[in-house]
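**Student:** Here it is: the structure, laid out below.
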Amino acid sequence: MKRIRQFKNPLIRIMKLSFVHLLWIASFSTITMAKDGYSQEILDKRITLEQHNVEIRKLLKNIEDMTDVNFVYSSASIGAEQKVSISARNLRLSQILDEIFKSRNILYKIYDNKIILTKNKFRLMNLIKPPASPILNAFDKVVKGKVRDQNGDPLPGVSIVIKNTIKGTTTSADGSYSLNVPDDNTILIFSYVGYATTEKSAGGAATLDIVLSQDEKSLSEVVVVGYGTQKKSDLTGAISSISPKDYEEQPIIRMDQILQGRAPGVQVINGVGGPGGNVKIRIRGANSIQGDNNPLYVIDGYVGGDLFDLNPDDIESIQVLKDASATAVYGSRGANGVVLVTTKKGSLNKSVLTVGVNYSMQDMIKDWDVLSAAEFAEIANKRSIAIGATPAFSQTQIDEFRRTGGTKWLDEVLRTAPMKDYQIGMSGGGGKTTYMVSFNHLDQEGIVLGSSLKRYNLRANINSQINKRIDLRMNVSATRRNSLNASDNKSAPLGQALMWAPTTPIRDANGNFIKNDPTSSISVNPVALALDLKEHYFNTIGNATGGINFKILEGLTFDVGVAANYTSSQFRGLRGVTINGTSASAERNFSEGFSLQNTNNLTYRKVFGGLHSLTATAVYETIAYKSTGFYAGASGLIFPGLGYDNLSLANTVSTSAGYSNNGLISFLGRVNYAFKEKYLLTASLRRDGSSKFQGDNKYSVFPSLGFGWKISEESFMKDLTWMQSFKIRGSYGVTGSQAIGSYATLSTYLSDAYSATAPFSNSTLTPGIILGNPANLALKWETTSQLDLGADLSLNKGNIEIGFDYYIKNTKDLLLNDKLPDYVGGGVITRNVGQVQNKGVELYINATPVQRNDFHWDSGFNISFLSNKVVDLGKIDTLFTGSNVGGGLATQSEFVLVKGQPMGSYWGLTYLGVWQANQADEAARYGSVPGDARYLDLDNNGIINPKDYHIIGTGLPKVSLGWNNTFTYKSLSLNLFTQGLLGFDKLNYTYAVSISANANAREATLADIRNYYRPGNENTDVPGFSKSNKNFVQSTRFLEKGDFLRLKNISLSYALPKTKSKFADIKIFLSGTNLLTFTRYRGIDPEATNITSSTDVNQSIDLGTYPNAKIYTAGVTFKF
Amino acid sequence: MKNIHKIIALSFLLLATGCEDILSEDPRGALTGTTALNSVEGLEAALTGAYKPLTITWGTGFATAATVAVLMGSDDLTTHSGSNKQDFREFDQLQVTGLNGRITPIWSGCYKSIQGANNIINNYKNTAGDASKIKQIAGEAYFLRAFDYYWLTRLWGKVPLITTADFSSELLSVKNAEVKEIYTQIESDLNNAITMLADKKRDVGRSNKGAAKALLADVYLTMAGWPLKETAKYAEAAKLAKEVIDQKSTFGFDLVPDLATFFNNTVAGVATSEEVFTLHFCGSCQWFTANALYGSSAMPSDEGGWDDYFPELNFYNSFPEGLRKDLTFHTTFTKAGGVKISWQEGQTKHPYYAKFRYTGGLNTSSTNSSLNLLRYPHLLLIYAEAKARAGTPDAQAYEGLNLIRKRAGLPALSGLSNEEFIKAVINEKSWEFAGEYTRWFDLQRLEMIEQVNTGKNPGDLKPAPVLSKKIYYLPVPNKDVTVNPNIGN
């Protein structure tokens, strides 16, 4: 990832542009100096001039009239509309220019009797006419032409080099050039800072006009911030930017892969590895105990969009807003950080067709070590004998298992699965209109039998300039996602494959699935689960954002934006006869949501007196959301084959319906002020009104203030050659979170079938109502105040960039779901009582350790440290709000909130290994015998009961890091991307249920059970087989370090330019995802977790989770 | 052209209007407040909601093996000595802690049902409509509340006595009510139910006047024993039981002449005249409306069952031979592939209950079976015992006992001493209701738990080394104690 940064030294730019360009500079830079003497004459001209409050443009015109100099500049670049006052008596032109431009950081240079004004040092350095080469002159073919930018403005100083030589020229002030070339096949390379380097064949024609388009780097100089744009160098907030350059070497199918490991302070956990599985994204930790901790996603201005259904190929840039200075403009929705996504636009006069195909194979990242059927049977028999039961297996059966091998359940439900990703994109433009159209299709099968994902994305972005004052824009996108059996839990195929006895066959003699495992698992046949259970989700999103931008006056714009977002989510489920018991059941669930957003933005930009630059923004925004849905379920399907497509042919049909609405009205004001472009200030204030709250709590105000100081601009720093830029930043502000759903202040009855419909006979159900959670009218916003201190540093000619941030976030009035005891009817009551603190440090280093002509190593490293603490829980010190994830296995809530401890603290028993022979007396006190599990008896009362539970670990990762390396040799590129999470524990229930007898499985299937305690094998922590052994899964026996480092991507790509292939730019790549994981975790995937809910009280539990796959990808992209 | 732009701009601006609409909530489709109970239909729906918590499969109430787990300290129930039955074993061995997940379904189901009943009892007077319907609904609510508290106090002793449906934070620090107080409430609720309920049940899964009287008879029998020991209640128990027996046709109660038919109908969920208060389930309707206490739970792993519960060996061995023993127990197991083995060759070396064996489908836990919590033979035996304890058994007491014995294929008894008669009734009860949520409570009120847990068969699990009266009650579920430590026991 690239952090917002400013380039003081142009060299870094050059390197990133092209090596040829670099060579070019190296050869001619000395000549630049030699020219300096000549320029002095013009600059020494003396002028008398008195003008007040006049546009720079006009002033320069006056000077042109008075002297014989000509100025060349881009109005936008130097801010020619800005007004200045000047009073000069017989001053040198250089003195006048210094007076006007020095504070604006605008440089000037003489070229061809013209004075070039620019902000860009490199452009000036490049403005030299190459020496007339006799060799060049020897060529008689001459190519002439003009180089313009996308707006048709001429570009002076563009470098034009004959490929594979150092011969060339630059364009003159009007963008024109003339060059002698050897022949028509000569390739010319046009390059210019901030623009994409373009290669063109000289061809037969004498005239070759070129339009250069801005490259992504230059676009990111101005970054999108909430409700506007801002110069990167002027930011006072903590914002991380990611552009396609940062991830283009990795095959990306989903947006979360872009965010993972690339932005400091952003933690991405791929909890469910299945196709379309859930991902958890947190920016600077979790603030809310009860509420949603997901960041706010703003896609092309639509607030609250769905990140995961975007086509990653459509992305132009992503900004992650982290501190309050950046997020407070989103007020009541900004507390969890904001991810701003901007999609691509077309370029004028540059039509591009891109076609890409990726093909992948996915596989398990690691295998479980399970017992063979024969060994399983032997161990199960030993256990039966030890507890006085009849051994289940005869020697004949065991011999038979040894011969046939029994059932290898894991092999039955796992597979090597293909994945295909197709991309087609077209972009271009003509006249005043540009377009971008793209289509993406992802077709993924999961590594677990029966799971799959299909996704279709379509997008059209159109931008048009109606006239000088009015711009129109319209982005339309549609997504359809269709996922099958992506869920994971203990009753999913993979979880059951570890619980079913290898001695149980898949099917009976008639070919029907064996329904019950007589030996171990109490749940459904894993293969039947994969094939006879259909959990089909269909998600559809249609989004249209459009707007008009009026330039009312110079510097004053009014922008009206409208966004409409339609989502529908449909579930079609079928439980076949095998897994449902006696008959099949099916259900359909449909819901749709529609939101309408209107944003009116008035922005004024002005530079006063050349020293004070001001941008003021006022916004009025409304958003209204409605959702409605219905459900139909049928049990006892008469024709199971018809499945969920015919619900009427069934014994019982049940239906339900629902409705929900909410709305938000917001006023926002923001001022960005810069003095001498050194001292920066951002202040914002937002007032939000929400339908979810009542009375005085309906409205709230969210202020923020940010400061920045570009120390490197100070005169005392200017001479430091090793430091190109240095900025320190500080901000403080308040953001909010609504954290609750609609109607939370109302007390409602539950009327759903599960809660309220009762049977009064063996064939009918009667609908009823039952009291739901008690309401709390006084609910209000959660409020997060955040302090951020940061610095950005660019060293060694821009070869090293370092960024640092420290923050403290305090969230108060936390909405807490106080769990009510069952004796008052259970449920929860929501109150604003809690307080949580997140503190952290973020660091990134981007460097180019090696840069030679044909070899390049770019490296980016970032690391974030997070410390989370529950500060207050109201009247109490300990609170259990989490559900019991291992319900049936473990009877307590696995997570607890304790004042002073982090969220996600594990609650459990400390396991002390097994009782040893010499401890028999002590063991007897607990009714145990040597070999039985031993737990810490906190109150030493001789019984292991709830009082012995305590905090045994934490599931919240303290450190997250990413390290991206790209090695480029000529057209070959090698990318290595490593990502990791450190400092957290995982409760390995998957291991627990397959190594011990428990509520879900009766025997152990894992090979580790070989190490059980028995005479001759006393030195073990695996308990022996006895009647008295007590097995508590919610203990440190199954709590493991979850820390991992993972080689997320390794890829090798080769780029073949159009000039060589003769028909398209071709890029071919091979890539491996998740090939290596360094961890001590005993499960398959330390990243996989059952906890993917939006709240963070519960953290990392692994119970039959769907692991991330190892993926091998080959791909090719054609760019026509 | 310019005008068009203006029009577009204006139309955008128009979208910004109508703000106050945006900030108001419209909870369409949801019921809020007590106005929901203003109509008879609403009151009826609330009553259904008050029954519901008793039957949520795998959730709350009586629908899973937790119902037998909590009673496993008696001699008619035990569990697997290994396997995954750690939580069941704690009950059988009388070493239960608040961590045990099987203690919560009845606790939370009864209290949620109480909340629903409270809501009706406190609001039915404001309901407009057919007075007889309202009376019936309120009567059922009183019955339910009494039923719920009766189970709670027998399992936990002193518990919070909540009679309001509205939440207030004071409820989070209430103290337990004395057992006597709880029984007083139960008595009052049942007397209300008796006056308000109709003679006949509206649905087979509901209560009627006879059920309320029968339950009160059982309550009195219990009050006369441990811990209240109000022996004067024996006479009242006998009086009420007699009323129900004498008016059995009014209430629609009677013995099913053929025991096999009765068992078969129960397993199939077909209502019988023997049901006084029975929870009905519909396993073929929804997975969460099934009776999961029957079926897999009660079956041996040799037949693909879960081995959750089965009788103790001494209980089985001393069970009088005959038709009832044959119908009650399942002793020959058919393994996969058709091999038949005796229970002694089975993995747990125990016989299993045949009466909980679901024949509607193989190895299933989603049964339609009905759960008899009070049936007509209870009344015959309540009368017999109470009458004997209040004085001497009369002819009607002998008749009741012998009706049951006769159906069970046993000879009639006569001419016993008072003590012998009472002993015969208690034994008869244990056999007639083997596994049926009766024996533990008899052992408890008669203070026989220690007795039946000494000298257990070597093939059964050993109880805790030291037994005290503490084991007569279950620990309060830990999750409630963590919120309100006042209610710990």
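So the sequences go chain by chain: S and R. Numbering of the first sequence is given in this note's numbering, commencing with residue 1 and proceeding in unit increments. Numbering of the second sequence is given in this note's numbering, commencing with residue 1 and proceeding in unit increments. Every residue gets a Cβ at the ideal spot worked out from N, C-alpha and C, and that includes glycine.
1. Between A165(R) and chain S, is the shortest Cβ-Cβ distance under 8 Å, so that the two count as touching?
2. Taking DSSP's pairing of strands, which residues face W907(S) in a bridge?
3. List the endpoints of the continuous alpha helix (DSSP H) containing T67(R).
4. Name the DSSP bridge partner or partners of M419(S)?
5. Which residues, in chain order, does the region 809 to 825 of chain S contribute to contact with chain R at a C-beta distance below 9 Å?
6. If you draw a straight line from the C-alpha of K406(R) to the C-alpha of V476(R), how long is it?
7. So what does DSSP say about T171(S), is it helix, strand or coil?
8. Taking 8 Å as the cut-off, does the region 460 to 475 of chain S touch the region 550 to 569 of chain S (at least 3 CB pairs, one atom from each stretch)?
9. In chain R, which residues lie less than 9 Å from G168(S) when you measure between Cβ atoms?
10. What residues in the region 766 to 781 of chain S bring their beta carbon closer than 7 Å to a beta carbon of chain R?
11. Kindly say whether K468(S), judged by its beta-carbon, lies nearer than 8 Å to any beta-carbon of chain R.
12. Identify whether K16(S) lies in helix, strand or coil by the three-state DSSP scheme.
13. Closest to G204(S) by CA distance: which of I579(S), L212(S), I187(S) and S191(S) is it?
14. Is it right to say V619(S) is buried, meaning 16 or more other beta carbons lie within 10 angstroms of its own, or is it exposed?
15. S627(S) touches chain R at which residues, Cβ-Cβ below 9 Å?
16. With K213(R) and E243(R) assumed to form a contact (beta carbons below 8 Å), what rounded beta-carbon distance in angstroms separates them?
17. Does any residue of chain S bring its CB to less than 8 Å from the CB of D26(R)?
18. So L401(R) packs on A384(R), CB below 8 Å; how close in whole Å?
19. From the beta carbon of A30(R), is the nearest beta carbon of chain S less than 8 Å away?
20. If the criterion is Cβ atoms closer than 8 Å, does the pair L467(R) and L94(R) meet it?
21. Can you say whether E894(S) is buried or exposed, counting buried as having 16 or more other CB atoms within 10 angstroms of its CB?
22. Quick one: what's got a C-beta closer than 6 Å to A260(R)'s C-beta in the same chain, skipping five residues either side?
23. Compare the C-beta of A26(S) with all C-beta atoms of chain R and state if any pair is closer than 8 Å.
24. According to a CB-to-CB cut-off of less than 8 Å, which residues of the region 132 to 161 of chain R neighbour chain A?
25. To which residues of the same chain is L259(S) closer than 8 Å at the C-beta, ignoring the five residues directly before and after it?
26. Could you name the residues of the same chain whose beta carbon sits closer than 8 Å to that of T482(R), not counting the 5 residues immediately before and after it, in chain order?
27. Determine the contact status of A328(S) and V225(S), defining contact as a CB-CB distance below 8 Å.
28. Report the three-state DSSP secondary structure of L1103(S) (helix, strand or coil).
29. Looking only at its own chain, which residues have a Cβ that is under 8 Å from the Cβ of R357(R), when we skip the five neighbours before and after it?
30. Do Q786(S) and Y806(S) have their beta-carbon atoms positioned less than 8 Å apart in this structure?
31. Which term fits A1109(S), buried or exposed, when burial requires 16 or more other beta carbons within 10 angstroms of its beta carbon?
32. Hey, could you find the ends of the alpha helix (DSSP H) R403(S) is sitting in?
33. Rounded to whole angstroms, what is the Cα-Cα separation between E312(R) and I522(S)?
34. Applying the criterion that 16 or more other CB atoms from any shown protein chain within 10 Å of the CB defines a buried residue, is M66(S) buried or exposed?
35. Using a Cβ-Cβ cut-off of 6 Å (strictly less than) and excluding sequence neighbours within five positions of A211(R), which residues of its own chain qualify?
36. Taking 8 Å as the threshold (beta carbon to beta carbon), is A45(R) in contact with chain S?
**Tutor:** Checking against the coordinates, here is how it stands:
1. yes
2. For W907(S), DSSP records a beta bridge to I951(S).
3. A66 to A69
4. S360(S) and Q444(S).
5. Sequence-ordered contacts of the region 809 to 825 of chain S with chain R read D818, K819, L820, P821, D822, Y823, V824 and G825 [C-beta pairs closer than 9 Å].
6. Distance between the alpha carbons of K406(R) and V476(R) is about 42 Å.
7. Three-state DSSP puts T171(S) in coil, outside helix and strand.
8. yes
9. The premise fails here: G168(S) is roughly 46 Å from chain R at the closest Cβ pair, so nothing lies under 9 Å.
10. T766, P767, G768, I769, I770, L771 and P774
11. False, the Cβ-Cβ gap to chain R never drops below 8 Å.
12. Caution is warranted here: a pLDDT of 35 is assigned to K16(S), below 50, making its placement in the model unreliable, and the coordinate value is therefore given only provisionally. Correct three-state label for K16(S): helix.
13. I187(S)
14. buried
15. Simply none; closest approach about 11 Å.
16. Confirmed, Cβ separation roughly 6 Å.
17. yes
18. At roughly 5 Å, the Cβ-Cβ gap stays under 8 Å, so L401(R) and A384(R) are in contact.
19. yes
20. With contacts defined as CB atoms closer than 8 Å, L467(R) and L94(R) qualify as a contacting pair.
21. buried
22. L327
23. Any reading at A26(S) is ruled out, since the residue's pLDDT is 35, under 50, leaving its predicted position unreliable.
24. In the displayed structure, chain A is absent; the protein chains listed are S and R.
25. I242, V266, V268, I281, I318, V320 and V339
26. none
27. no
28. Collapsing the DSSP output to three states places L1103(S) in coil.
29. V267, Y294, G295, A298, M299 and H330
30. Their beta carbons are not under 8 Å apart, which means Y806(S) does not touch Q786(S) by this criterion.
31. Classification of A1109(S): buried, given that the 10 Å Cβ count is 16 or more.
32. Under the DSSP assignment, R403(S) falls in the alpha helix (DSSP H) whose first and last residues are Q395 to T404.
33. 23 Å
34. exposed
35. V276 and F277
36. yes
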